[in-house]
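Numbering (this note's numbering), first residue to last: 7 to 268.
The beta-carbon is built from N, C-alpha and C at its ideal position, and this holds for glycine as well.
Bear in mind that the values here come from a model prediction, so they are computed numbers and not experimental data.
Structure first, commentary second.
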Amino acid sequence: MKVELRGVTKTFEGKSPVVALDSIDLGVRAGEFVCLLGPSGCGKSTLLNLVAGLDQPTSGDVLVDDRPVRGPGTDRVMIFQTAALFPWLDVLGNVEFGLRMSGAVRREREDIARRHLRMVHLLDFEQTFVHQLSGGMKQRVALARALALDPKVLLMDEPFGALDAQTRDLLHDELQNIWSATAKTIIFVTHNVREAIVLGDRVVVLSPRPGRIKQEFVIDLPRPRQIENYAVVDLSREILNVLKDGGQGAVLPGDGRPGTLS
Ligand SMILES: Nc1ncnc2c1ncn2[C@@H]1O[C@H](COP(=O)(O)OP(=O)(O)OP(=O)(O)O)[C@@H](O)[C@H]1O
Ligand SMILES: [Mg+2]
7 MKVELRGVTK TFEGKSPVVA LDSIDLGVRA GEFVCLLGPS GCGKSTLLNL VAGLDQPTSG
67 DVLVDDRPVR GPGTDRVMIF QTAALFPWLD VLGNVEFGLR MSGAVRRERE DIARRHLRMV
127 HLLDFEQTFV HQLSGGMKQR VALARALALD PKVLLMDEPF GALDAQTRDL LHDELQNIWS
187 ATAKTIIFVT HNVREAIVLG DRVVVLSPRP GRIKQEFVID LPRPRQIENY AVVDLSREIL
247 NVLKDGGQGA VLPGDGRPGT LS
C-alpha cells in the first residue's frame, strides 16, 4: 500500500473532547484515486492532515510506503479549497517557489514550472499576478505548484468546492488527464457525490462524527467520465442513499453543485 491507516483514532482534547475519527482502516494503492465523502465534521480534513503529517493520530498508525508518518514531507502535498498562493509573486513565481527548497537553479526551476503550467493550460499567464486570476485559474496554479514538487501523493481537500459548475467540470477533465499521465496517488475529499464518482477509482463513505468507514464503492465506469453521464447519475443515487442513511440531517438535498451532497 502507498498510504495506509491502521486502526486510526483521532481525539481532539479540550473541555469536551471531540472524537473526530474512530478506528479507521484504509489502504490506498500506489496510483489509486480515492475519494472521501461524508457529512460536515466527520473528520475528512482531519484524515488528510494525518496523512500529510500535520497532525498525529491519538491511536493507530498512519503509514506511507510502509513507514510511519512522522511529519510533513515533499512526497505528500496538500491542496485546499482556496488556493493559498503568494500575492506578491506572479504565476510562474508561485509555481517555482516550492522548488527553491530543492536547490534547483533558477533556469531549472522555471523549466519545471513551465512544464506544469502547460499541463494546467496556464502557460500564457505566467507573468500574471494572483489578484488578476479567476478562482478556477488560482486552483490550476495551486495544482501546478503541487505537481511541480513531484509528490507521489496528492491530498486534495474540496479543491473545487468554491468553483462554478462549468469551471469545476473543466478541472475534472484536466485532473483526470493529469492523473492518467502522472500516476499519482490521490486522496480527494469532496461533498459532491457525482464529483467523487467522476474522479475516483474508489469512493469511501464516512459516517457522521465520529468518522468511521461506512461503505466503500469501487467505481469501474470507463474514463474519462463526466458529471452528467447516466451511469454517474445512477450510481450517485445509490451512494447518496448510503450517505443519507443515519446522516442525521447533515446531508443536504442538492442539485450536484459544489457544497451539496448530490
Ligand atoms: N485542531 C482541532 N482542534 C479541535 N477540534 C478539531 C480540530 N480540527 C478538527 N476538529 C474537530 O474535529 C471534527 C472533524 O473536523 P474535520 O475538519 O476533519 O471535518 P470535515 O469532515 O473535514 O468537515 P467539513 O466537511 O465541514 O470540512 C469537527 O468536530 C471539528 O470541530
Ligand atoms: Mg473539511
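Sub-8 Å separation of residue i and residue j beta-carbons
i: A168; j: Q87; result: yes
i: L161; j: A58; result: yes
i: E132; j: R120; result: yes
i: V195; j: L42; result: yes
i: Q145; j: F166; result: yes
i: F223; j: I192; result: no
i: Q182; j: P230; result: yes
i: V40; j: I30; result: no
i: V25; j: K8; result: no
i: A237; j: L227; result: yes
i: L149; j: I85; result: yes
i: V199; j: S242; result: yes
i: R174; j: E38; result: no
i: D72; j: R12; result: no
i: V97; j: L123; result: yes
i: V211; j: L32; result: no
i: L275; j: P78; result: Not covered by the structure: residue 275. The range shown for the chain is 7 to 268.
i: L1; j: I118; result: Outside the displayed span of the chain (7 to 268) sits residue 1, for which this structure offers no information.
Member of the options whose CA lies at the smallest distance from the CA of residue i
i: K158; options: D81, T52, P45; result: D81
i: H127; options: I118, M143, E116; result: M143
i: L176; options: P214, V204, D96; result: V204
i: D251; options: M107, G44, L91, L129; result: G44
i: L69; options: L32, E10, Q62, D61; result: E10
i: S213; options: D28, W94, P23, K21; result: D28
i: A36; options: E201, V239, K190, I225; result: K190
i: S65; options: K16, R106, S108, L105; result: K16
i: F18; options: L54, L32, Q62; result: Q62
i: F135; options: L60, F92, K21, L129; result: F92
i: D163; options: I184, D130, L129, E201; result: E201
i: V147; options: I225, F103, S22, G20; result: F103
Residue i, buried or exposed, once every other Cβ within 10 Å from all chains shown has been counted against 16
i: M125; result: buried
i: H178; result: buried
i: H197; result: buried
i: N100; result: buried
i: E234; result: exposed
i: G206; result: buried
i: A152; result: buried
i: V111; result: exposed
i: E114; result: exposed
i: W94; result: exposed
i: D240; result: exposed
Any non-hydrogen atom of ligand 3 closer than 7 Å to residue i Cβ
i: H197; result: Ligand 3 is absent from the structure shown, which contains only ligand 1 and ligand 2.
CB contact check: residue i to chain E, cutoff 8 Å
i: P45; result: Of the protein chains in this structure there is only one, and it is not chain E.
Closer than 8 Å is the cut-off here; do at least three beta carbon pairs connect the region 34-53 with the region 213-220? yes
Alpha helix (DSSP H) runs wholly inside the region 187-220, at least 4 long, in chain order: 199-205
Complete beta strand (DSSP E) runs within the region 9-62 (minimum length 3 residues, chain order): 9-18, 24-34, 39-43
Restricting to runs no shorter than 4 residues, where is the alpha helix (DSSP H) found entirely within the region 85-157? 97-103, 112-125, 141-154
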